[in-house]
Amino acid sequence: MIEINNLSKNFGKLKVINNVSLSCNQGECIALIGPNGCGKTTLIKTILGMVIPSKGTIKFKGEYVSKNFEYRKYIGYMPQIGRYPDNMTIGQILEMIKEIRKSDLDLDEDLLHQFKLKDLFNKRMRTLSGGTTQKVSATLAFLFNPDVLILDEPTAGLDPLASEILKEKIIAEKQKGKLILITSHLLSELDDLITQIIFMQDGEVQFHKTIADLKASTGEEKISKAIATILKAKNNE
Amino acid sequence: MNRIIKFIVLDILKNKIVLVYTAILSILSWSVFSLEDNSTKGLLTLLNVILLTVPLISVVFSTIYIYNSSEFIELLLSQPIKRSKIWWSLFFGLTLSLLLSFFIGTGIPILFYAPSDVGIMMLLVGFFITTVFVAIAFLSSILTRDKAKGIGIAIMLWLFFALLFDGIVLFLLFQLSDYPIEKMMVGITAFNPIDLARILILLHLDVSAMMGYTGAIFKDFFGTSIGIFIAFIILFLWIIVPFLVSLIKFNRKDL
């Protein structure tokens with residue numbers, strides 16, 4: 004569904020993404036992990052067309068994403084830090100995005116109800132706490148029933164209850180056969196969610212494996228331990 | 714009208730600064746016309762006020778508004794909307810609302826007191842100047858990510874066009890007074906939209922007789938319909954060029 008070919012991105016002299024090639028298919032739930040500043044968010048933003056790649060191409064459903072914008076209606080994106088117009092209320096933001104997407108049909112308002120956002124509809128975005136802003140971001144990402152969900156640190160800043168609601172929602176969507184791309188640092192949280200792992204470091208993809216493969220090759224049961232084993236092995240090389 | 718423009722116009726019209734701007738223009742215009750017994754004199758006074766305030770407010774307000782819309786732009790970018798459409802909508806939204814306040818503030822009094830050729834010309838010139846400085850604001854806000862720098866650039870550009878440019882031209886006139894540079898002066902005015910606007914109006918106010926030989930040359934050029942046409946084309950270029958440059962830059966920007 005998403006094909007990335009020899010993608011590179013420089014910010015001035017700094018190479019943020021270096022010759023990355025990946026392919027992600029429907030029904031997969033992929034964790035994108037790696038240390039801070041390894042280019043995870045930049046990679047996600049290039050897929051969305053928010054960052055323009057220096058080299059390489061990205062295809063979405065067989066079509067190049069550069070100079071294209073229609074493909075974004077199949078993507079639900081939850082940013083790491085959601086930034087919204089200060090003066091708009093939650094209700095206005097949701098209304099506006101609905102109007103822009105021109106779709107009132109087939110809305111998925113599960114999260115809206117479960118997060119009880121309706122009670123906060125008249126609150127301005129400026130007055131919201133970080134966690135509530137994250138809830139709005141999550142609601143927007145799932146609202147239009149997209150085929151692909153891209154979640155950048157979805158549970159950071161959410162309280163345990165909300166984060167559990169979100170996790171269950173992700174599992175439910177995964178079972179509908181959607182492609183889900185998650186970045187996270189909390190490996191323990193990902194255990195029962197994901198089917199594949201992409202590990203990035205210094206702008207390069209170190210490995211892209213299925214969980215079964217990863218567990219088999221390291222002999223570990225937990226993802227976090229399996230990854231630690233691989234990293235140790237790499238350091239010893 | 715597309716949805717994004719609608720959201721932007723509604724947002725700007727709720728902004729108190731725009732309301733105050735409209736009120737100030739309105740107070741100025743009505744009082745100028747009621748103080749002068751002759752509407753031509755009124756227009757002349759109003760011209761100087763307009764050519765100082767309208768560019769300043771247009772450029773500074775637009776620059777700040779564009780910087781403050783960064784969240785809005787980011788939010789829209791992850792939606793299925795063409796990048797250039799976001800930028801165009803922002804431009805149209807800002808221009809439309811500022812034109813509306815100019816029309817309410819200044820246009821109505823002009824149409825009331827001086828519904829002549831000059832009055833209409835003044836209205837047109839005001840519309841053009843507003844749009845030109847919105848376009849310049851787009852250019853200055855895309856040049857740098859730093860809000861303070863961007864606003865600084867906008868104010869500098871206003872200062873240059875509103876005050877410094879005339880100083881430079883006067884300096885050149887005195888230094889090169891031995892040479893026949895009058896015709897060249899017509900060309901130089903093309904580099905300043907405010908001067909262009911001023912000359913367009915002055916030459917229709919019958920005060921050009923007092924401007925000496927240079928005035929006569931100006932009258933020769935800007936007095937004809939071809940001259941007026943060319944002047945408006947140049948004003949139009951002053952809108953299109955800065956905006957298109959900013960659009961190209963915006964399309965390549967990383968957010």
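Protein sequences appear in the order of chains A and B. The numbers in my numbering rise by one with no breaks, and the one at position 186 of the first sequence is 189. The numbers in my numbering rise by one with no breaks, and the one at position 154 of the second sequence is 867. Ideal Cβ positions, reconstructed from N, Cα and C, are used throughout, including at glycine. If you're wondering where the values come from, they're calculated on a predicted model, not measured in any experiment.
Asked	Found
Reduced DSSP secondary structure (H/G/I, E/B, other) of MET91 of chain A	coil
Close Cβ partners of GLN204 of chain A (< 6 Å) along its chain, the five nearest in sequence each way excluded	GLY37, CYS41
C-beta atoms of ILE185 of chain A and PRO157 of chain A nearer than 8 Å	yes
The alpha helix (DSSP H) enclosing ALA159 of chain A, as first and last residue numbers	Note, ALA159 of chain A: premise wrong, no alpha helix (DSSP H); not H, not E.
Collapsed DSSP secondary structure at TYR77 of chain A in the structure displayed	helix
Rounded separation between SER69 of chain A and LYS43 of chain A - CA only	19 Å
Member of A:SER166, A:CYS27, A:LYS179 whose CA lies at the smallest distance from the CA of LEU189 of chain A	A:SER166
Classification of ASP195 of chain A by the beta-carbon crowding that lies within 10 angstroms, buried from 16 upward	exposed
Neighbouring residues, chain E, relative to LEU114 of chain A (Cβ below 9 Å)	Annotation note: the requested chain E is absent from the structure, which comprises protein chains A and B.
One or two residues paired with GLN204 of chain A in a DSSP bridge	A:GLU207
Residue range of the beta strand (DSSP E) that includes ILE894 of chain B	Segment: none, ILE894 of chain B is in no beta strand (DSSP E) and carries neither H nor E.
Alpha helix (DSSP H) segment containing LYS58 of chain A, residue limits	Segment 58-63 is the beta strand (DSSP E) holding LYS58 of chain A; no alpha helix (DSSP H) there.
Any C-beta of chain B under 8 Å from that of GLU73 of chain A	yes
Burial state of ILE953 of chain B (16 or more Cβ within 10 Å)	exposed
Backbone CA spacing between LEU876 of chain B and ASP122 of chain A [nearest angstrom]	54 Å
Chain A contact for GLU787 of chain B (CB, 8 Å cutoff)	yes
Boundaries (first-last residue) of the beta strand (DSSP E) holding ILE5 of chain A	5-14
is_contact[LEU886 of chain B, chain A] using C-beta, thresh 8 Å	no
Residue burial classification, VAL733 of chain B (beta-carbon count within 10 angstroms, cutoff 16)	exposed
Alpha-carbon to alpha-carbon, ILE7 of chain A and LEU161 of chain A	31 Å
Touch test, the region 44-55 of chain A against the region 73-89 of chain A, Cβ-Cβ under 8 Å, three pairs minimum	yes
For GLN888 of chain B, the three-state DSSP class (helix, strand or coil)	helix
The beta strand (DSSP E) enclosing ILE185 of chain A, as first and last residue numbers	182-186
CA-to-CA distance, ASN781 of chain B to PHE145 of chain A, given in whole angstroms	27 Å
Closer than 9 Å at the beta carbon, the chain A residues around ASP933 of chain B	Those do not exist, as ASP933 of chain B stays about 49 Å from chain A at its closest Cβ, beyond 9 Å.
Alpha-carbon spacing of ARG127 of chain A relative to THR92 of chain A, whole angstroms	4 Å
Whole-number beta carbon distance between VAL762 of chain B and ALA867 of chain B, since they are thought to touch under 8 Å	Rounded, the Cβ-Cβ distance is 20 Å, inconsistent with contact.
Cross-chain neighbours of PHE720 of chain B in chain A, by beta carbon under 8 Å	MET99
Chain B contacts made by the region 52-69 of chain A, where a contact means CB separation under 8 Å	GLY52, MET53, VAL54, ILE55
CA nearest to the CA of GLU784 of chain B, picked from A:TYR67, A:VAL19, A:ILE96	A:ILE96
Alpha helix (DSSP H) runs wholly inside the region 813-852 of chain B, at least 4 long, in chain order	821-826
Closest Cα partner of SER742 of chain B within the set B:MET835, B:GLY806, B:SER791, B:LEU788	B:MET835
Boundaries of the beta strand (DSSP E) in which SER24 of chain A is found, first to last residue	17-27
Within 8 Å, strictly: CB atoms of VAL958 of chain B and LEU852 of chain B	yes
Inter-stretch contact at 8 Å, needing at least 3 Cβ pairs: the region 722-731 of chain B / the region 227-239 of chain A	no
Beta-carbon proximity list for SER854 of chain B, same chain, < 7 Å, skipping 5 on both sides	THR776, ILE779, TYR780, GLY863
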